[in-house]
């Protein structure tokens, strides 16, 4: 059931849509204030938002159509009729990146990375509200049933009505992600300011906040998408969801990016091998945990605890590689 907020004539606005709109507005306000306070042109951010939405919505829908074609009559209807169906949120990453490139090409900003840096904290805040909106409709689904009465409430569990009319309590996947993305938005805001005082040894520092957003978002989604009972899968793979695949690839790409910069700046050393080893241990542990939780449904607690640790290890490895690219001498002078 999707509660109605406003109904007038043939126009119906649901509470979930209101929450999403408020989240996008709050995220834009945060990003806009960061951007113009650090010398950016207001027109660039005003242009970025509608372009990002223009690209992101059909991309998110197209990915969902690919994974769930049975929910749509055709691809054209999937990307033109938004009254039914759902979305695959990682499509917004590509849509926002394309929008930033267009803003740069049009001459509103010299660096797409600099624009995305300011956009990142607001994007995290918007994602948080998008996940919060699930509390106002029937989309918040999890495959983990919570049977302990003391835990049958937020933030651990949310109640849903089954086909028989009984109320079941499931792990509140989207509400937990709402809380984590709120924390991520705060962390990114602090990182945005700290990053400006942390120059790189070689090359520009532009884009590091956007990459940090990608790291945090990917680590969170890699874990939480496993708890959903409506995950989207590639047609040739029914084991790892497409969201988990995209997130793992993003984290791996970030490690490669900072590894190349670090090796160029410092030379190959033992530190690099240790960080790579930690990352691969985290990746292997995440894969093993996903395999075990799918084969043994009653191992949820142990498997997801292990997966949390492993995803955290992967994120820490990438962050440590980023720090190895920073100029510590310049940082001490600035401080």
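Residue numbers (the numbering used here): 1401 to 1735. Glycine included, C-beta positions come from ideal geometry on N, C-alpha and C.
Spatial neighbours of residue i in its chain, beta-carbon cut-off 6 Å, leaving aside the 5 residues before and after
| i | result |
| --- | --- |
| residue 1543 | 1629 |
| residue 1584 | 1524, 1616 |
| residue 1707 | 1623, 1686, 1689 |
| residue 1573 | 1542, 1624, 1627, 1628 |
7 Å CB neighbourhood of residue i in its chain, flanking five on each side removed
| i | result |
| --- | --- |
| residue 1621 | 1643, 1647 |
| residue 1428 | 1449, 1522 |
| residue 1725 | 1600, 1601, 1658, 1661, 1662, 1665 |
| residue 1447 | 1503, 1508 |
| residue 1420 | 1529, 1530, 1533 |
| residue 1638 | none |
| residue 1703 | 1689, 1692, 1693 |
Beta strand (DSSP E) segment containing residue i, residue limits
| i | result |
| --- | --- |
| residue 1560 | 1557 to 1561 |
| residue 1567 | 1567 to 1571 |
Per DSSP, the bridge partner or partners of residue i
| i | result |
| --- | --- |
| residue 1726 | 1600 |
| residue 1564 | Paired residue(s): none; residue 1564 is not in a bridge. |
| residue 1545 | 1570 |
Residue i vs residue j beta-carbon contact at 8 Å
| i | j | result |
| --- | --- | --- |
| residue 1613 | residue 1523 | yes |
| residue 1649 | residue 1615 | no |
| residue 1624 | residue 1718 | no |
| residue 1714 | residue 1683 | yes |
| residue 1459 | residue 1494 | yes |
| residue 1431 | residue 1445 | yes |
| residue 1626 | residue 1464 | no |
| residue 1578 | residue 1528 | yes |
| residue 1461 | residue 1479 | yes |
| residue 1520 | residue 1588 | yes |
Limits of the alpha helix (DSSP H) - the one that residue i falls within
| i | result |
| --- | --- |
| residue 1680 | 1670 to 1695 |
| residue 1625 | Run containing residue 1625: none; DSSP gives neither H nor E here. |
| residue 1517 | 1512 to 1532 |
| residue 1461 | 1442 to 1467 |
| residue 1504 | 1491 to 1505 |
| residue 1647 | 1642 to 1666 |
| residue 1736 | Nothing about residue 1736 can be reported from this structure: the residues present for the chain run from 1401 to 1735 only. |
Close Cβ partners of residue i (< 8 Å) along its chain, the five nearest in sequence each way excluded
| i | result |
| --- | --- |
| residue 1731 | With a pLDDT of 47 at residue 1731, under the threshold of 50, the modelled position of this residue cannot be trusted, and the question is left open. |
| residue 1575 | 1531, 1532, 1534, 1535, 1540, 1554, 1555, 1558 |
| residue 1733 | The pLDDT assigned to residue 1733 is 38, lower than 50, so where the model puts this residue is not dependable, and the model offers no usable value. |
Contact test: residue i Cβ vs the ligand FAD heavy atom, cutoff 7 Å
| i | result |
| --- | --- |
| residue 1583 | Absence of the ligand FAD is noted for the structure shown, with no ligands found whatsoever. |
Beta carbon proximity, residue i to chain D, threshold 8 Å
| i | result |
| --- | --- |
| residue 1426 | Reference to chain D is not applicable here, since this structure consists of a single protein chain. |
For this session: Check whether the region 1601 to 1610 touches the region 1513 to 1527, counting contact only when three or more Cβ pairs, one atom from each stretch, lie closer than 8 Å.
Result: yes
For this session: Spell out a yes or no on whether the region 1550 to 1569 and the region 1466 to 1476 are touching, meaning 3 or more CB-CB pairs, one atom from each, closer than 8 Å.
Result: With the cut-off at 8 Å, the region 1550 to 1569 and the region 1466 to 1476 do not touch.
Exercise. Is there contact here, the region 1560 to 1573 with the region 1478 to 1495, by at least three beta-carbon pairs under 8 Å?
Worked result: no
For this session: Answer yes if the region 1495 to 1510 comes into contact with the region 1670 to 1680, meaning at least three C-beta pairs across the two stretches below 8 Å, and no otherwise.
Result: no
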